[in-house]
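2 protein chains.
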Amino acid sequence: MTGSVVGARTQEQMRQRNLSEVLRRVHKDGAVSRAALGRRMGLNRSTIMDLTAELAAAGLVREGVPIGRGRAGRPSIVVMPEQGTLYGLAFDVAVDRLLAARVGLGGQVLDRREAVRPRAGVDLEDVVGVLATFGRELVDRAGPGALCVGVGASYCGLIRRADGTVRYGPHLGWVDQAFGAELAAGLGLGLPVEVGNEAHLGAIAEHVRGAGRDVDNLIYLHGDVGVGGGIIVGGKLLDGDGGYGCELGHMLVNPFDGRPCLCGSRGCLEAEVGEEALLDYAGRSGELVGRDGIRAVVALAGTGDARARDALDRVGDWLGVGVVNLINLFNPALVVFGGMLRDVYPGAASRVRARIDAHVLPVSRERVRLAVTALGDDTTLAGAAELAFANLLDNPLDTLATLR
Amino acid sequence: MTGSVVGARTQEQMRQRNLSEVLRRVHKDGAVSRAALGRRMGLNRSTIMDLTAELAAAGLVREGVPIGRGRAGRPSIVVMPEQGTLYGLAFDVAVDRLLAARVGLGGQVLDRREAVRPRAGVDLEDVVGVLATFGRELVDRAGPGALCVGVGASYCGLIRRADGTVRYGPHLGWVDQAFGAELAAGLGLGLPVEVGNEAHLGAIAEHVRGAGRDVDNLIYLHGDVGVGGGIIVGGKLLDGDGGYGCELGHMLVNPFDGRPCLCGSRGCLEAEVGEEALLDYAGRSGELVGRDGIRAVVALAGTGDARARDALDRVGDWLGVGVVNLINLFNPALVVFGGMLRDVYPGAASRVRARIDAHVLPVSRERVRLAVTALGDDTTLAGAAELAFANLLDNPLDTLATLR
Numbered sequence: 001m002t003g004s005v006v007g008a009r010t011q012e013q014m015r016q017r018n019l020s021e022v023l024r025r026v027h028k029d030g031a032v033s034r035a036a037l038g039r040r041m042g043l044n045r046s047t048i049m050d051l052t053a054e055l056a057a058a059g060l061v062r063e064g065v066p067i068g069r070g071r072a073g074r075p076s077i078v079v080m081p082e083q084g085t086l087y088g089l090a091f092d093v094a095v096d097r098l099l100a101a102r103v104g105l106g107g108q109v110l111d112r113r114e115a116v117r118p119r120a121g122v123d124l125e126d127v128v129g130v131l132a133t134f135g136r137e138l139v140d141r142a143g144p145g146a147l148c149v150g151v152g153a154s155y156c157g158l159i160r161r162a163d164g165t166v167r168y169g170p171h172l173g174w175v176d177q178a179f180g181a182e183l184a185a186g187l188g189l190g191l192p193v194e195v196g197n198e199a200h201l202g203a204i205a206e207h208v209r210g211a212g213r214d215v216d217n218l219i220y221l222h223g224d225v226g227v228g229g230g231i232i233v234g235g236k237l238l239d240g241d242g243g244y245g246c247e248l249g250h251m252l253v254n255p256f257d258g259r260p261c262l263c264g265s266r267g268c269l270e271a272e273v274g275e276e277a278l279l280d281y282a283g284r285s286g287e288l289v290g291r292d293g294i295r296a297v298v299a300l301a302g303t304g305d306a307r308a309r310d311a312l313d314r315v316g317d318w319l320g321v322g323v324v325n326l327i328n329l330f331n332p333a334l335v336v337f338g339g340m341l342r343d344v345y346p347g348a349a350s351r352v353r354a355r356i357d358a359h360v361l362p363v364s365r366e367r368v369r370l371a372v373t374a375l376g377d378d379t380t381l382a383g384a385a386e387l388a389f390a391n392l393l394d395n396p397l398d399t400l401a402t403l404r
Numbered sequence: 001m002t003g004s005v006v007g008a009r010t011q012e013q014m015r016q017r018n019l020s021e022v023l024r025r026v027h028k029d030g031a032v033s034r035a036a037l038g039r040r041m042g043l044n045r046s047t048i049m050d051l052t053a054e055l056a057a058a059g060l061v062r063e064g065v066p067i068g069r070g071r072a073g074r075p076s077i078v079v080m081p082e083q084g085t086l087y088g089l090a091f092d093v094a095v096d097r098l099l100a101a102r103v104g105l106g107g108q109v110l111d112r113r114e115a116v117r118p119r120a121g122v123d124l125e126d127v128v129g130v131l132a133t134f135g136r137e138l139v140d141r142a143g144p145g146a147l148c149v150g151v152g153a154s155y156c157g158l159i160r161r162a163d164g165t166v167r168y169g170p171h172l173g174w175v176d177q178a179f180g181a182e183l184a185a186g187l188g189l190g191l192p193v194e195v196g197n198e199a200h201l202g203a204i205a206e207h208v209r210g211a212g213r214d215v216d217n218l219i220y221l222h223g224d225v226g227v228g229g230g231i232i233v234g235g236k237l238l239d240g241d242g243g244y245g246c247e248l249g250h251m252l253v254n255p256f257d258g259r260p261c262l263c264g265s266r267g268c269l270e271a272e273v274g275e276e277a278l279l280d281y282a283g284r285s286g287e288l289v290g291r292d293g294i295r296a297v298v299a300l301a302g303t304g305d306a307r308a309r310d311a312l313d314r315v316g317d318w319l320g321v322g323v324v325n326l327i328n329l330f331n332p333a334l335v336v337f338g339g340m341l342r343d344v345y346p347g348a349a350s351r352v353r354a355r356i357d358a359h360v361l362p363v364s365r366e367r368v369r370l371a372v373t374a375l376g377d378d379t380t381l382a383g384a385a386e387l388a389f390a391n392l393l394d395n396p397l398d399t400l401a402t403l404r
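Printed below as a string of structure tokens:
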């Protein structure tokens with residue numbers, strides 16, 4: 001009865017799923033032996049050989065003997081992503097810069113462009129103009145043998161995933177702007193642009209190739225002017241019913257006396273720990289600004305400036321309240337700080353930890369680690385690259401057939 | 001190449017997965033036609049017929065023609081769960097009572113026992129003694145042809161899922177008590193007892209057969225003395241890295257002036273909206289107590305008692321802060337109130353909604369519904385029954401073979 005119950009359609013689905021899983025692992029882990037792949041996927045040797053051979057024939061992976069392995073006996077064949085010819089375009093509209101990169105399958109940045117972005121008064125046309133020019137240059141320089149397999153973009157705002165519309169971009173004042181569609185048109189590659197919220201993408205990047213490679217439950221807090229979040233639950237991004245989940249910057253931590261927030265509310269986490277709060281507490285509002293300003297306050301605190309020290313402590317207290325709530329809610333294995341919080345966290349860690357000790361339930365405190373991003377300021381860009389590769393990884397052969 | 005790539009092992013896995021999926025749908029939806037099953041699962045007619053025939057031959061489902069359908073043409077065969085012979089035992093250690101029930105496959109309560117539980121000073125032996133006696137009576141009355149397929153228990157505390165240990169039960173003062181193992185020994189059925197946190201199980205029950213049947217992203221808030229939570233994300237319970245997620249009762253909503261909480265912290269959601277807060281604000285602390293006390297305050301507010309009205313408003317304000325944060329974090333389609341919050345929410349709804357209007361981001365406010373539980377006070381018991389059925393639903397034929 002087995003054969004008839006499975007049915008031809010589901011057999012084919014299973015084969016596609018296995019191909020997808022092999023390519024995903026090679027993309028994530030880099031060079032990996034066939035033996036290790038088989039072990040991790042619970043598949044036998046001949047099945048794995050068939051799968052990797054099929055991916056190699058399609059030009060998605062390369063098989064080879066690892067160089068410099070002096071061990072005796074037959075070496076296990078290693079499978080590597082075809083990073084030289086298959087690439088994704090990744091874009092990042094961050095609070096202070098515009099970024100574009102050509103990223104090879106496997107996640108390596110092969111080429112990149114960057115522009116400083118004014119903090120306000122930048123409309124859709126300006127942003128798309130710069131990014132599309134960057135993108136076309138990157139494609140031109142890739143050479144005729146290379147193939148763009150997808151385009152992803154990170155944006156610091158609320159995104160409707162279905163069509164890449166920016167529903168709300170507080171810093172640029174954008175409301176319902178067709179960013180994804182316009183960038184796709186500007187690039188003229190005949191490919192859609194998948195757009196994601198920067199902190200969601202940061203969480204994905206940390207999970208795939210950053211500080212959270214080995215954990216399936218993590219929280220990523222991304223600071224810039226505001227604070228965004230991405231939450232990985234059981235290995236998947238929590239994106240909520242409409243894709244607008246993880247708005248942890250708008251968690252009310254100080255509901256009745258809080259500082260005003262850009263969202264119109266008061267006492268949101270981002271209002272209490274964002275750039276403005278830190279500079280204001282430090283008495284440097286107006287004088288310092290942006291990422292450099294934040295780094296200056298952190299440096300001042302390190303040299304004994306009392307107001308700067310006090311500012312970091314206050315931000316640490318509120319950040320601690322937010323982190324306590326997130327740990328009690330999600331029982332994560334890891335909390336990662338990125339963006340400007342990468343600079344702030346080390347100086348605020350003792351306050352954050354004191355709150356955790358005081359308020360997190362012991363069962364959830366047992367295992368949680370806190371860390372800064374392992375990908376530096378490229379976290380969100382790396383997440384955009386993951387969006388670019390998503391279709392190829394989900395459906396390797398069909399996606400490639402459509403592209404060629 | 002298809003056959004070799006799939007491999008015998010994965011074909012068998014696929015068949016088991018399909019059998020599991022059919023049984024799960026029949027368990028959830030009750031009588032369902034083979035045509036509807038095929039449509040929903042994307043399988044053709046003959047594959048579905050094979051699957052349901054195999055489940056029927058094993059005694060897991062029954063197939064039949066629906067009664068009273070007057071329509072012309074060949075009626076579609078309907079598949080029903082074998083609820084008469086296959087049952088689970090479900091237990092509930094709630095804050096004020098001990099419950100036991102025999103629940104048929106498909107979710108119907110076939111028989112039940114209930115005892116009032118003192119609020120404190122009850123040790124593991126007492127609780128297990130009462131529940132095990134109830135359980136043995138329920139098994140005896142089930143008759144010789146019936147088969148117990150699993151045992152689940154709901155407990156109002158933090159549970160280590162792996163072995164059913166109560167890590168922390170604040171109301172009974174339990175720490176690291178081997179509840180699951182002791183109850184299993186007391187029942188003497190040779191079956192393990194799966195134990196879950198009451199609010200986690202409430203969330204599962206609301207998702208499977210309650211107010212959230214049709215949504216995959218929901219939050220369940222369960223009030224008793226404290227407040228617990230269960231969160232379903234993408235159709236699955238968020239249980240965190242150690243199984244201790246969703247402790248939303250210990251979200252800090254009032255971090256610097258808050259009421260003391262049983263957990264040792266201050267200003268936790270449960271300290272601000274729990275039974276004690278409501279009775280205290282109403283000026284009825286010491287006079288009224290428990291669920292009846294809460295209902296009395298709600299009734300007083302309804303008849304114009306100013307202090308009772310004020311108490312409901314204050315609780316509504318803090319409950320609103322908690323709900324705002326949950327909606328901003330999870331972007332759920334539904335928030336369900338159960339336990340004593342089932343009584344409190346209707347009288348506090350306007351305050352909760354005012355907070356949502358003031359503080360939730362528009363994109364997340366667009367779709368969220370708020371409701372009280374559709375399963376009354378049996379929500380947590382129904383969740384325990386789902387634990388009892390979990391193994392059978394995951395692996396129908398193997399589980400049954402082990403049991404018989």
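One line per chain: the protein sequences are A and B, in this order.
Under the working numbering, residues 1 to 404 are what the first sequence spells out, in order.
Under the working numbering, residues 1 to 404 are what the second sequence spells out, in order.
Virtual Cβ for every residue (Gly too), placed ideally from N, Cα, C.
{"Query": "Any 3 or more C-beta pairs closer than 8 Å across the stretch 228-245 of chain A and the stretch 200-219 of chain B", "Result": "yes"}
{"Query": "The stretch 344-361 of chain B contacting the stretch 302-318 of chain B, beta-carbon criterion three pairs below 8 Å", "Result": "yes"}
{"Query": "Supposed contact pair D163(A) and A181(A) - C-beta distance, whole angstroms, cut 8 Å", "Result": "7 Å"}
{"Query": "Any C-beta of chain B under 8 Å from that of L397(A)", "Result": "no"}
{"Query": "Supposed contact pair A301(B) and G339(B) - C-beta distance, whole angstroms, cut 8 Å", "Result": "Actually they are not in contact, since the Cβ atoms of G339(B) and A301(B) sit about 19 Å apart, beyond 8 Å."}
{"Query": "CB contact check: P255(A) to chain B, cutoff 8 Å", "Result": "yes"}
{"Query": "As assigned by DSSP and simplified to three states, the class of A401(A)", "Result": "helix"}
{"Query": "Within chain A, partners of C148(B) - CB distance below 8 Å", "Result": "Near C148(B) there are no residues of chain A at all, since even the closest Cβ is about 28 Å away, more than 8 Å."}
{"Query": "Local Cβ density within 10 Å of D239(B), reported as buried at 16 or more and exposed below that", "Result": "buried"}
{"Query": "Helix, strand or coil at L86(B) according to DSSP, with G and I counted as helix", "Result": "strand"}
{"Query": "For L392(A), three-class secondary structure by DSSP", "Result": "helix"}
{"Query": "Positions along the stretch 303-330 of chain A whose CB lies within less than 7 Å of some CB in chain E", "Result": "Among the protein chains of the structure shown, namely A and B, there is no chain E."}
{"Query": "Buried or exposed by the 16-neighbour rule on C-beta atoms within 10 Å, applied to Y52(B)", "Result": "It should be noted that the sequence gives Thr, not Tyr, for residue 52(B). By the 10 Å Cβ count, T52(B) comes out buried."}
{"Query": "Cα-Cα separation, L187(A) to R141(A)", "Result": "14 Å"}
{"Query": "Cβ of M1(B) within 8 Å of any chain A Cβ", "Result": "The pLDDT assigned to M1(B) is 36, lower than 50, so where the model puts this residue is not dependable; a value taken from the coordinates is nonetheless given after this. Yes, because at least one Cβ of chain A sits closer than 8 Å to the Cβ of M1(B)."}
{"Query": "At least 3 beta-carbon pairs within less than 8 Å: the stretch 305-313 of chain A vs the stretch 278-289 of chain A", "Result": "yes"}
{"Query": "Nearest-angstrom beta carbon gap, G258(A) and G223(A) [assumed within contact, 8 Å]", "Result": "Not quite, the Cβ-Cβ distance comes to about 17 Å (not below 8 Å), so this is no contact."}
{"Query": "Distance between E194(B) and V195(A) (C-alpha atoms, nearest Å)", "Result": "42 Å"}
{"Query": "Minimum C-alpha distance to D241(A) - residue among I204(B), E206(B) and A333(B)", "Result": "A333(B)"}
{"Query": "Burial state of S154(B), where buried means 16 or more other Cβ atoms lie within 10 Å", "Result": "buried"}
{"Query": "Ordered list of alpha helix (DSSP H) runs contained in the stretch 296-372 of chain A, each at least 4 residues", "Result": "306-330, 341-359 and 362-365"}
{"Query": "Sequence ranges, alpha helix (DSSP H) only - wholly within the stretch 9-58 of chain A, length at least 4", "Result": "34-41 and 45-57"}
{"Query": "Helix, strand or coil at D292(A) according to DSSP, with G and I counted as helix", "Result": "helix"}
{"Query": "Residues of its chain near H359(B), where Cβ-Cβ distance is below 7 Å and the 5 sequence neighbours each way are ignored", "Result": "V324"}
{"Query": "Stretch-stretch touch, CB-based, cutoff 8 Å, three pairs: the stretch 77-93 of chain A with the stretch 25-33 of chain A", "Result": "yes"}
{"Query": "Chain B residues whose Cβ lies nearer than 8 Å to that of E247(A)", "Result": "N328, L329, N331, L361 and S364"}
{"Query": "Close-in-space but distant-in-sequence residues of the same chain around M41(A) (CB under 8 Å, 5 per side omitted)", "Result": "N18, E21, V22, R25 and I48"}
{"Query": "Per-residue DSSP class, three states only, for G229(B)", "Result": "strand"}
{"Query": "Proximity test, Cβ basis, 8 Å: L400(B) and chain A", "Result": "no"}
{"Query": "Exposed unless 16 or more other CB atoms sit within 10 angstroms - verdict on A407(B)", "Result": "Residue 407(B) is absent from the structure shown; chain B starts at 1 and stops at 404."}
{"Query": "Interface residues of chain A facing R405(B) [CB-CB closer than 7 Å]", "Result": "Since the first residue of chain B shown is 1 and the last is 404, residue 405(B) is not available in this structure."}
{"Query": "Per DSSP, the bridge partner or partners of Q177(B)", "Result": "V166(B)"}
{"Query": "Alpha-carbon to alpha-carbon, S265(B) and A271(B)", "Result": "9 Å"}
{"Query": "Within-8 Å CB hit, A250(A) to chain B", "Result": "First, the residue type needs correcting, since residue 250(A) is His and not Ala in the sequence shown. By this cut-off, H250(A) is an interface position."}
{"Query": "Beta-carbon gap between G229(A) and L221(A) smaller than 8 Å", "Result": "yes"}
{"Query": "L370(B): contacting residues in chain A (beta-carbon distance under 7 Å)", "Result": "Ordered by position in chain A, no residue passes the 7 Å Cβ test against L370(B), which lies about 14 Å from the chain."}
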